[in-house]
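Chains as they are written, first to last, in this note's numbering: chain U, 1 to 112; chain F, 113 to 226.
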Amino acid sequence: SQQGEEDPQALSIQEGENATMNCSYKTSINNLQWYRQNSGRGLVHLILIRSNEREKHSGRLRVTLDTSKKSSSLLITASRAADTASYFCATDETGGGNKLTFGTGTQLKVEL
Amino acid sequence: DSGVTQTPKHLITATGQRVTLRCSPRSGDLSVYWYQQSLDQGLQFLIQYYNGEERAKGNILERFSAQQFPDLHSELNLSSLELGDSALYFCASSVWGQEGEKLFFGSGTQLSVL
Chain U
1 SQQGEEDPQA LSIQEGENAT MNCSYKTSIN NLQWYRQNSG RGLVHLILIR
51 SNEREKHSGR LRVTLDTSKK SSSLLITASR AADTASYFCA TDETGGGNKL
101 TFGTGTQLKV EL
Chain F
113 DSGVTQTPKH LITATGQRVT LRCSPRSGDL SVYWYQQSLD QGLQFLIQYY
163 NGEERAKGNI LERFSAQQFP DLHSELNLSS LELGDSALYF CASSVWGQEG
213 EKLFFGSGTQ LSVL
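Quick look at the structure:
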């Protein structure tokens with residue numbers, strides 16, 4: 001079963017613009033992570049935010065977490081064509097055992 | 113390169129057959145996770161092993177089994193294959209940091225059941 005639902009399902013922007021993706025989840029979490037997947041390849045870890053954090057930055061990435069709304073957003077600033085990929089949120093559920101539950105993903109296309 | 117190695121990259125087989133997917137985790141990582149990714153189900157957690165022992169189980173069918181060997185490599189066995197088993201199968205190993213556990217994924221095995 002999917003813990004996270006991501007919105008939008010697909011996003012197309014011009015290079016240089018910002019891209020925002022949202023993730024909603026259902027249960028209490030220890031942390032929330034974002035991963036990136038290039039077409040047909042393995043997922044790559046981008047950033048982790050703990051349940052007691054509200055915002056985190058890493059390079060051009062900014063993640064926010066609102067545990068009261070059970071939602072997170074990933075902002076990619078000054079996007080590049082190389083950012084074209086699918087982006088997934090993944091939750092480490094409280095009491096969920098040692099596994100990450102992934103969302104449905106957002107397909108981002110950055111056009112030149 | 114994540115350091116996680118999966119073989120084979122592609123596998124084409126027929127319904128009813130049995131296949132074995134292999135995964136070598138990053139050097140020093142004790143955990144191996146298996147995930148299945150398909151268009152209709154998304155990315156589904158199957159099973160996790162830690163230092164040879166099963167640690168957590170997810171949506172793994174009874175026709176599927178896995179194990180982790182003393183050298184820490186893992187194998188996922190899929191039997192009595194059905195068309196719906198066609199998917200990308202990933203394994204991942206993990207590292208624990210101050211913030212929590214992060215996964216490193218292999219490139220996956222694309223399974224096509226015809």
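Beta carbons are placed, not taken as given, at the ideal position from N, Cα and C, and that holds for glycine.
To which residues does DSSP link U:Phe-88 through a beta bridge? U:Tyr-35
Checking contacts by CB at 8 Å: is U:His-152 closer than that to chain F? In the structure as shown, chain U begins at 1 and stops at 112. Residue 152 of chain U is therefore absent and cannot be evaluated.
Check whether U:Asn-30 and U:Thr-101 have beta carbons under 8 Å apart: no
In three-state DSSP terms, what is F:Gly-196? helix
Contact list for F:Gly-284 against chain U, beta-carbon separation under 9 Å: The shown model of chain F, from 113 to 226, leaves out residue 284 of chain F, and the question about it has no answer.
Which chain U residues sit within Cβ distance under 8 Å of F:Ser-114? Gly-42 and Val-44
With 8 Å set as the bound, which would you pick, yes or no: does the beta-carbon of U:Leu-11 sit closer than that to a beta-carbon of chain F? no
Alpha carbon of F:Val-144 to alpha carbon of U:Gln-14, nearest angstrom: 38 Å
Coarse secondary structure for F:Ala-204, derived from DSSP in three states: strand
Just to confirm my understanding: we take F:Glu-194, look at its own chain, exclude 5 residues before and 5 after, and list those with CB closer than 7 Å. What are they? Thr-127 and Val-225
Are F:Leu-223 and F:Val-131 closer than 8 Å when you measure CB to CB? yes
Spell out whether any CB of chain U is found under 8 Å from the CB atom of F:Phe-181. no
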